[in-house]
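To start, the structure under review is shown below, and the notes come after it.
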Amino acid sequence: MTGSALSPVHPDERHRCDGATLKFFYGPMDCGKSTLALQMDYNHARQGRRGLVLTRNDRSMGPAVTTRIGLSHKAIEVTDDLNLIDLVLSQPERVDYLICDEVCFYTVAQVEQMADLVDQHHVDVFAFGLATDFRTELFPASRRLFELADQVTRLQVEVLCWCGREGHLNARVVNGVIAREGEQVVIGDTDTGSATEIRYQVLCRRHHRLGELGPSPEPAAP
């Protein structure tokens, strides 16, 4: 019998995706970004692909991706000085994909590293985060993802403003009043013991611009 035999596939190449992509999934709070991130990790891992889950400033304030519906997964906490390429190449086994949650808080340099991982190392990168801050201005990392990503998807899980319209914007509420100035990143919804109450609320454009938070929630029944 003549003809060349097929070359064996190296184990580290078996789950490699030569058509690797950088995908950015965005939307306001409560639209299911972190839930989708964990589902994406599950789907890829069950096919034998090896991945890393990363996050920054998760609501849990710990190295984990957590969701408001109760799902959670341990994660690598991203800091300003973390080089994503070095992180991937330092792993004992090949990394096939990255799950990058809360990517709006990453640095622009780290977004560039995501693109390099896709183009030069054939690693899929799935990024999830907010597009705009409490002032309705783009986060720098999100802006760069809009510019570089192979695919940008606005999540379609409907989040409503208190008026019933679809909510698009994330308002920062400080002691019951919408904030218009301040640092771009301030973590809210945590019990810090501070006299200043900081939380975030999804609003439609009209009520974000008017600064109207809607009626106070009804007190819980005894």
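In this note's numbering, the protein residues as written are 797 to 1018.
C-beta: ideal position from N, C-alpha, C; glycine also.
Owing to the predicted nature of the structure, the values given are computational and were not obtained by experimental measurement.
(message) Using a Cβ distance threshold of 8 angstroms, determine whether the region 818-829 contacts the region 991-1000, with at least three qualifying pairs required.
(response) Taking 8 angstroms as the limit for Cβ pairs, the verdict is that the region 991-1000 does touch the region 818-829.
(request) With DSSP collapsed to three states, give me the class of residue 902. (result) Residue state, collapsed to three classes: coil.
(request) Pick out the complete beta strand (DSSP E) segments inside the region 880-959, 3 residues or longer, and give them in chain order. (result) DSSP runs (the beta strand (DSSP E)) wholly in the region 880-959: 893-896, 920-925 and 947-950.
(request) Per DSSP, which residues does residue 964 bridge with? Please list them. (result) Looking at the DSSP output, residue 964 sits in no beta bridge, so it has no partner there.
(message) For a minimum of 3 consecutive residues, which ranges assigned as the beta strand (DSSP E) are wholly contained in the region 841-879?
(response) Runs of the beta strand (DSSP E) lying entirely within the region 841-879 and spanning at least 3 residues, in chain order: 847-851, 860-862 and 868-870.
(request) Grab me the residues of residue 1051's own chain with a C-beta within less than 8 angstroms of its C-beta, minus the 5 sequence neighbours each way, in chain order. (result) For residue 1051 there is no data in the structure shown, the boundaries of the chain being 797 and 1018.
(request) Over the uninterrupted alpha helix (DSSP H) stretch that includes residue 1001, give me the two end residues. (result) Per DSSP, residue 1001 is one residue of the alpha helix (DSSP H) stretching across 1001-1006.
(request) Tell me whether the beta-carbon of residue 904 lies closer than 7 angstroms to the beta-carbon of residue 913. (result) Going by C-beta atoms, residue 904 is not nearer than 7 angstroms to residue 913.
(message) With distance defined between alpha-carbon atoms, name the residue in 959, 964 and 958 nearest to residue 934.
(response) Shortest Cα-Cα distance from residue 934 to any of 959, 964 and 958 involves 964.
(message) On the criterion of 16 or more Cβ atoms from any shown chain inside 10 Å, does residue 916 qualify as buried, or is it exposed?
(response) Counting C-beta atoms within 10 angstroms of its own C-beta, residue 916 has fewer than 16 neighbours from the protein chains shown and is therefore classed as exposed.
(request) Could you check the C-alpha separation between residue 906 and residue 840 for me, to the nearest Å? (result) Each residue's alpha carbon lies about 23 angstroms from the other.
(request) Throw me the rounded Cβ distance for the residue 982 and residue 968 pair, which I believe falls under 8 angstroms. (result) Between residue 968 and residue 982 the Cβ distance is about 7 angstroms, and since that is below 8 angstroms, they are a contact.
(request) Using three-state DSSP, classify residue 980 as helix, strand or coil. (result) Coil, per DSSP.
(request) Measure the alpha-carbon distance for residue 751 versus residue 894 and round it to whole angstroms. (result) Not covered by the structure: residue 751. The range shown for the chain is 797 to 1018.
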